[in-house]
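Each remark here refers to the structure printed beneath this line.
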Amino acid sequence: MKKIIFTLIIIFSIKSFTQTKTYTLDESIKLGIENSKVLKISNAKLAIASAKVTEIKSQRFPKLSFNAAYMRLSDVPPFEISTSFFPTPIRIQEAVLNTYNFKLSLQQPIFTGFKLSALNSAADYNLESTELDYSKDINEEAFKIISAFWNIYKAENANKIIDENLKSLESHINDAKSFLENDLITRNDLLKIEVQYSTVQLKKVEVENALEIAKALFNKTLGNGISEEVNIEAEELTLNIHKDNFNDLLIEAKSNRLELESVSKRILAGKEQLSASKSGWYPSIFLISDFYYSRPNQRIFPQKDQFDDTWDVGVSLSWDIWNWGYNSSQSQQAQSNLVQLETSAQQLEEAIEIEVYNTFLNLETAKKKVELSKQTLEQAEENYRITNDKFLVQLVSTTDLLDAETSVYNSKTELLNALVDYELSRKRLEKAIGGKLY
Numbered sequence: 000m001k002k003i004i005f006t007l008i009i010i011f012s013i014k015s016f017t018q019t020k021t022y023t024l025d026e027s028i029k030l031g032i033e034n035s036k037v038l039k040i041s042n043a044k045l046a047i048a049s050a051k052v053t054e055i056k057s058q059r060f061p062k063l064s065f066n067a068a069y070m071r072l073s074d075v076p077p078f079e080i081s082t083s084f085f086p087t088p089i090r091i092q093e094a095v096l097n098t099y100n101f102k103l104s105l106q107q108p109i110f111t112g113f114k115l116s117a118l119n120s121a122a123d124y125n126l127e128s129t130e131l132d133y134s135k136d137i138n139e140e141a142f143k144i145i146s147a148f149w150n151i152y153k154a155e156n157a158n159k160i161i162d163e164n165l166k167s168l169e170s171h172i173n174d175a176k177s178f179l180e181n182d183l184i185t186r187n188d189l190l191k192i193e194v195q196y197s198t199v200q201l202k203k204v205e206v207e208n209a210l211e212i213a214k215a216l217f218n219k220t221l222g223n224g225i226s227e228e229v230n231i232e233a234e235e236l237t238l239n240i241h242k243d244n245f246n247d248l249l250i251e252a253k254s255n256r257l258e259l260e261s262v263s264k265r266i267l268a269g270k271e272q273l274s275a276s277k278s279g280w281y282p283s284i285f286l287i288s289d290f291y292y293s294r295p296n297q298r299i300f301p302q303k304d305q306f307d308d309t310w311d312v313g314v315s316l317s318w319d320i321w322n323w324g325y326n327s328s329q330s331q332q333a334q335s336n337l338v339q340l341e342t343s344a345q346q347l348e349e350a351i352e353i354e355v356y357n358t359f360l361n362l363e364t365a366k367k368k369v370e371l372s373k374q375t376l377e378q379a380e381e382n383y384r385i386t387n388d389k390f391l392v393q394l395v396s397t398t399d400l401l402d403a404e405t406s407v408y409n410s411k412t413e414l415l416n417a418l419v420d421y422e423l424s425r426k427r428l429e430k431a432i433g434g435k436l437y
């Protein structure tokens with residue numbers, strides 16, 4: 000029993016000392032990028048592209064290979080020559096029943112119809128394209144982290160607004176009870192405030208749930224456990240006015256977007272692939288050399304049951320005269336692939352133009368929403384101040400007071416949402432024009 004109590008004390012002590020981790024935006028982005036599974040996949044693609052470059056380059060260097068073989072032969076009579084001068088045949092060579100062959104071969108491509116040089120250039124371009132895609136993926140992940148971060152900010156501040164509302168309603172309930180005791184209001188007036196209080200409590204449950212969901216998404220974005228306790232440290236959002244020109248933004252996007260640069264590298268790689276596909280129309284020339292160490296060595300006559308070494312060196316040429324359209328089919332495939340890449344580049348450019356235009360308009364809309372929400376909040380607060388003063392001297396009804404107060408807290412929530420939407424719209428536009436978010 001004492002051991003159980005001691006264990007429970009240790010567990011509760013550990014929990015009490017567990018601190019909630021607080022993240023700044025920069026810390027969140029750094030940690031999220033380090034733990035991103037998307038980027039691990041992207042990095043693996045980068046490693047594949049890099050290995051492909053090494054693979055292609057290796058084909059341009061001499062190839063050294065080794066072969067070994069052993070063979071047991073069936074028994075045959077020895078090689079003998081019979082003459083009229085000698086009564087017994089002259090034995091030229093004994094039968095060799097066991098053969099051992101060792102061969103070291105060297106092959107160096109001299110001319111391959113420009114295939115290897117074209118494939119090497121294509122691999123280099125594809126590697127550069129993959130590197131650009133990796134950088135783009137980092138930017139995309141950074142934006143996801145930024146969105147998750149500000150969604151927590153929105154949910155936390157929405158919860159604070161509701162707490163302020165509840166605190167204010169509690170004060171109104173106390174005032175209303177005092178008024179009821181002095182017969183200044185009816186029981187129904189008090190019930191209206193209490194009903195409003197319960198309604199706001201229900202909203203608080205929803206907002207707290209939204210906060211937990213936002214934290215869970217934030218945790219998974221950072222690579223944490225889904226239920227890990229986290230807080231964020233963020234500066235208060237404000238409206239920073241920037242006068243943007245769509246045409247300038249579009250020019251910047253076409254200059255900075257990594258996707259456009261990446262697809263241009265793919266097109267260059269496609270052109271090199273097309274060049275490589277035409278190599279079949281040319282002959283292939285190789286320098287070849289072999290070193291033999293065999294028992295017996297076939298080049299030595301008569302054969303001896305012993306190891307001897309020989310060598311050869313030369314040049315080989317091979318040329319497909321007719322292969323039933325194989326070369327032309329390969330060229331057609333490479334040409335069609337190049338057309339796809341060039342058309343995809345045009346589609347991408349159009350998609351980027353639409354994206355920049357949409358994000359530009361959304362930012363302008365978000366900016367106007369912030370300005371209008373600020374104005375609405377100022378009006379609602381002034382209306383509530385006047386209504387509350389009148390309520391205290393019973394010049395307005397409870398309904399008027401509740402309406403005025405609800406308007407204030409709704410306006411605060413709208414302003415909060417507008418500010419977060421503006422910040423995300425600003426980051427989205429920055430990403431759309433090729434800005435670096437990390």
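Numbering (numbering that gives the first Met the number 0), first residue to last: 0 to 437. Ideal Cβ positions, reconstructed from N, Cα and C, are used throughout, including at glycine.
Please tell me whether residue i and residue j are closer than 9 Å, where the distance is taken between their beta carbons.
| i | j | result |
| --- | --- | --- |
| residue 383 | residue 404 | yes |
| residue 236 | residue 152 | yes |
| residue 20 | residue 228 | yes |
| residue 168 | residue 145 | no |
| residue 124 | residue 265 | yes |
| residue 275 | residue 147 | no |
| residue 84 | residue 301 | no |
| residue 431 | residue 370 | no |
| residue 132 | residue 257 | yes |
| residue 210 | residue 154 | yes |
| residue 128 | residue 268 | yes |
| residue 285 | residue 107 | yes |
| residue 391 | residue 174 | yes |
| residue 52 | residue 119 | yes |
| residue 22 | residue 232 | yes |
| residue 293 | residue 99 | yes |
| residue 243 | residue 436 | no |
| residue 188 | residue 396 | yes |
Where DSSP assigns a beta bridge to residue i, which residues make up the other side?
| i | result |
| --- | --- |
| residue 101 | 67, 292 |
| residue 312 | 288 |
| residue 92 | 78 |
| residue 20 | 229 |
| residue 110 | 284 |
| residue 307 | 293 |
| residue 317 | 283 |
| residue 62 | 106 |
First and last residue of the alpha helix (DSSP H) that includes residue i?
| i | result |
| --- | --- |
| residue 224 | Neither: residue 224 is in no alpha helix (DSSP H) and is coded neither H nor E. |
| residue 276 | 257 to 276 |
| residue 356 | 325 to 391 |
| residue 40 | 36 to 57 |
| residue 397 | 397 to 431 |
Hey, how far is the Cα of residue i from the Cα of residue j?
| i | j | result |
| --- | --- | --- |
| residue 245 | residue 345 | 20 Å |
| residue 249 | residue 135 | 18 Å |
| residue 341 | residue 334 | 11 Å |
| residue 50 | residue 64 | 22 Å |
| residue 279 | residue 58 | 17 Å |
| residue 283 | residue 111 | 5 Å |
| residue 179 | residue 378 | 30 Å |
| residue 48 | residue 339 | 21 Å |
| residue 66 | residue 310 | 14 Å |
| residue 143 | residue 428 | 14 Å |
| residue 11 | residue 225 | Reliability of the predicted coordinates at residue 11 is poor, the pLDDT of 46 falling under 50, and the value obtained from them is presented with this limitation in mind. Between residue 11 and residue 225, the C-alpha separation is close to 21 Å. |
| residue 419 | residue 386 | 30 Å |
| residue 184 | residue 368 | 39 Å |
| residue 33 | residue 42 | 12 Å |
| residue 239 | residue 186 | 49 Å |
| residue 352 | residue 337 | 23 Å |
| residue 92 | residue 75 | 11 Å |
| residue 255 | residue 434 | 7 Å |
| residue 261 | residue 329 | 25 Å |
| residue 149 | residue 214 | 11 Å |
| residue 177 | residue 230 | 40 Å |
| residue 140 | residue 126 | 21 Å |
| residue 87 | residue 94 | 18 Å |
Report the CB separation of residue i from residue j in whole angstroms; it is logged as a contact under 8 Å.
| i | j | result |
| --- | --- | --- |
| residue 199 | residue 161 | 6 Å |
| residue 307 | residue 296 | 4 Å |
| residue 287 | residue 317 | Residue 287 to residue 317, Cβ: 11 Å. No contact. |
| residue 72 | residue 96 | 5 Å |
| residue 372 | residue 414 | 4 Å |
| residue 364 | residue 410 | With a Cβ gap of about 18 Å, residue 364 and residue 410 do not count as contacting. |
| residue 30 | residue 222 | 7 Å |
| residue 157 | residue 204 | Wrong, their Cβ atoms sit about 12 Å apart, outside the cutoff. |
| residue 348 | residue 216 | Actually they do not touch by this definition, with Cβ atoms about 33 Å apart. |
| residue 55 | residue 122 | 5 Å |
At a cut-off of 8 Å, would you count residue i as near the ligand ADP, judging by its Cβ distance to the nearest heavy atom?
| i | result |
| --- | --- |
| residue 240 | Although the ligand ADP was asked about, the structure shown includes no ligands whatsoever. |
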